[in-house]
Amino acid sequence: MIYYSLNDTQHTASYKTAVKKGLAPDKGLYFPKTIPTLPDDFWQRLPQLSKTELALEVIRPYVGDEIPNAVLKTIVEETLCFDFPIAPISEQIGSLELFHGPTLAFKDVGARFMARCLGYFNQEDEATKSTVLVATSGDTGGAVADGFLGVEGIEVVILYPKGKVSKLQEKQLTTQGQNITALEVDGVFDDCQTMVKTAFLDAEICAVKNLTSANSINVARWLPQMFYYFIAYQAMAPKNKPLVVSVPSGNFGNLCAGMMAQQMGLPISHFISSTNRNKVVPEYLKSGDYQPRQTIATLSNAMDVGAPSNFVRIQEIVKNNLEALRKRMSGYSFDDQATKAAMQKLYTDHAYIADPHGAVGYLGLDAYLKTLKTDAYGLFLETAHPIKFHDVVKGALGLSLEIPKALKPLMNREKKAHPIKNYDDLKRFLTSPTP
Ligand SMILES: *Cc1c(COP(=O)(O)O)cnc(C)c1O
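Going by the numbering used here, the sequence shown opens with residue 37, and the numbers climb by one from there.
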């Protein structure tokens with residue numbers, strides 16, 4: 037597969053280069069030259085396929101011959117080493133739970149796949165050690181730290197805003213050790229993000245480090261997110277109803293992966309882009325005017341994004357055709373009060389504890405299904421375990437949740453983080469010889 041830069045279609049790269057660089061040199065996002073469609077017999081075989089088998093078929097064309105079959109099979113197996121159950125909410129609605137991975141958020145899928153691909157490519161070129169530099173508002177950092185832990189040839193540096201991540205998230209970021217380093221930034225998430233962007237453009241840092249990013253702009257984190265749309269469809273197909281999927285969205289990597297799956301032939305009848313008050317995309321769908329904004333802080337803070345990076349990929353899929361996009365996607369946004377009310381409704385009416393992001397997904401789905409005159413089944417993606425947003429859940433439901441057993445030992449581990457006050461601190465950290 038050849039990838040091109042969305043800033044300049046003439047600039048192309050292999051899968052390996054796209055993964056190792058993250059962004060094209062012109063700062064454009066990489067996009068595959070063709071979106072393959074799955075062969076007819078795939079759909080006949082689908083009911084019998086295992087998770088690994090179906091994921092391998094889906095991802096193979098995007099990787100081409102750059103990773104041998106046996107290796108790619110292991111990568112896929114290790115990526116999907118947990119379940120993706122659907123919890124029934126009502127006759128018409130289910131919650132697709134994507135939080136059963138090691139760090140309890142859907143980002144585990146992309147982070148595990150990317151870490152293993154990058155690990156394989158770095159084995160090939162032993163001389164070049166890579167540094168994954170990533171800013172996090174909470175979930176990304178944990179998934180990346182866990183996904184890359186112990187991967188040879190890669191060091192991971194995570195910037196997180198001091199006092200702005202939950203206790204569990206902080207433990208996930210700061211206690212891994214080995215090749216993972218946490219930097220505790222005196223500032224908010226946007227400060228972390230700005231520092232990372234500045235570092236990528238800093239010639240003195242780039243002279244001593246091969247920097248790469250690990251958010252959904254990297255194709256190896258973005259594309260494997262297609263897997264669970266296929267897994268969900270496999271489970272839902274016997275219902276024999278049009279399938280609507282609501283995706284709680286921030287940077288829109290997750291939703292954009294769903295659209296890629298649909299483009300490959302997956303029969304999803306409609307997508308809902310469900311957002312909090314950071315509603316650039318729902319507004320664009322309504323007005324046709326794309327207006328990135330300053331980020332607004334909300335209860336569903338992993339979706340607090342004012343200028344979603346993957347919007348350009350969505351535009352590419354629909355060839356910049358707004359009417360085509362409206363046929364495939366609707367958008368809804370909700371404020372914190374509505375989010376809390378939805379958490380309460382899910383709990384009292386359906387005995388379901390949702391995290392604030394899943395609750396936004398539920399609201400968008402419910403709003404859309406009410407406009408339909410025909411029968412359909414709707415899934416909302418439950419993107420994180422409620423324990424990751426314990427304060428919000430406790431505030432909305434008055435419940436104290438237990439930390440899952442597997443994560444309990446983590447809470448007793450010692451936090452290790454370097455304080456960072458400003459960009460110079462970061463630069464000094466990245467350019468000084470590794471101790
Ligand atoms: C990252 C995240 C999102 C947003 O996903 P995007 O791919 O950026 O749209 C939603 N919910 C949770 C819990 C997240 O961690």
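Just so you know, even glycine gets a beta-carbon here, dropped at the ideal spot from N, CA and C. As the structure is a prediction and not an experimental result, all values here were calculated from the model.
- Here DSSP, grouped into helix, strand and coil, assigns V107 to helix.
- I241 has its alpha-carbon roughly 36 Å from the corresponding atom of G294.
- The beta-bridge partner set that DSSP reports for P344 is empty.
- Ligand 1 has no heavy atom closer than 6 Å to the beta-carbon of M150.
- About 7 Å separates the Cβ atoms of G189 and S166, confirming a contact at the 8 Å cut-off.
- With a contact defined as Cβ atoms closer than 8 Å, R349 and F157 miss out at about 22 Å.
- For D44, DSSP records a beta bridge to S41.
- Residue burial is scored here from C-beta neighbours: Y326 has fewer than 16 other C-beta atoms within 10 angstroms and is therefore classed as exposed.
- Going by DSSP, H454 is part of the beta strand (DSSP E) stretching over H454 to I456.
- Taking the Cα positions, E160 is about 10 Å away from I103.
- Per the DSSP secondary-structure output, M365 pairs in a beta bridge with F307.
- Residue pairing of A49 in beta bridges, as defined by DSSP: Y39.
- Checking the DSSP bridge columns, you'll see Y413 partnered with L279.
- Nearest neighbour of F266 by Cα position, chosen from E220, N43, L134 and S310, turns out to be L134.
- When N287, V180, Y404 and S202 are compared, the shortest CA-CA separation from R329 is found for N287.
- The Cβ atoms of S310 and V396 sit closer than 7 Å to each other.
- The alpha-carbon of K444 is positioned some 37 Å away from that of R96.
- The region 190-199 makes contact with the region 208-217, as at least three CB pairs between them are under 8 Å.
- Assignment of V255 by DSSP, reduced to helix, strand and coil, places it in the helix class.
- Taking 7 Å as the cut-off, the Cβ atoms of G137 and F118 count as close.
- Taking a 10 Å sphere around the C-beta of I389, we find 16 or more other C-beta atoms and assign the residue as buried.
- Nearest neighbour of T419 by Cα position, chosen from F184, A378 and S336, turns out to be S336.
- The DSSP-derived three-state label of Y388 is coil.
- In the three-state reduction of the DSSP assignment, F67 falls in the strand class.
- About 7 Å separates the beta carbon of G183 from that of M150, a gap short enough to meet the 8 Å contact definition.
- Within a 10 Å sphere around the beta-carbon of D175 sit 16 or more other beta-carbons, which makes this residue buried.
- Contact check for V221 and L415: beta-carbon distance about 36 Å, past the 8 Å limit, so the pair fails to qualify.
- Its Cα nearest to that of G394, the residue A377 stands out among K406, K409, L408 and A377.
- P469: not part of any beta strand (DSSP E); DSSP gives it neither H nor E.
- Sequence-distant partners of G400 (beyond 5 residues in either direction) whose C-beta falls short of 6 Å from its own C-beta, in its chain, are S282, I308, S310 and Y368.
- The beta carbon of F370 sits no closer than 6 Å to any heavy atom of ligand 1.
- Each of F263, T73, G199 and M272 was checked against the Cα of A123, and the nearest Cα belongs to M272.
- In the three-state DSSP reduction, N246 falls in the strand class (E or B).
- Scanning P61, I129 and K452 for the CA closest to the CA of D402 turns up I129.
- For Y269, the uninterrupted alpha helix (DSSP H) segment begins and ends at F263 to M272.
- Checking the DSSP bridge columns, you'll see P197 partnered with V221.
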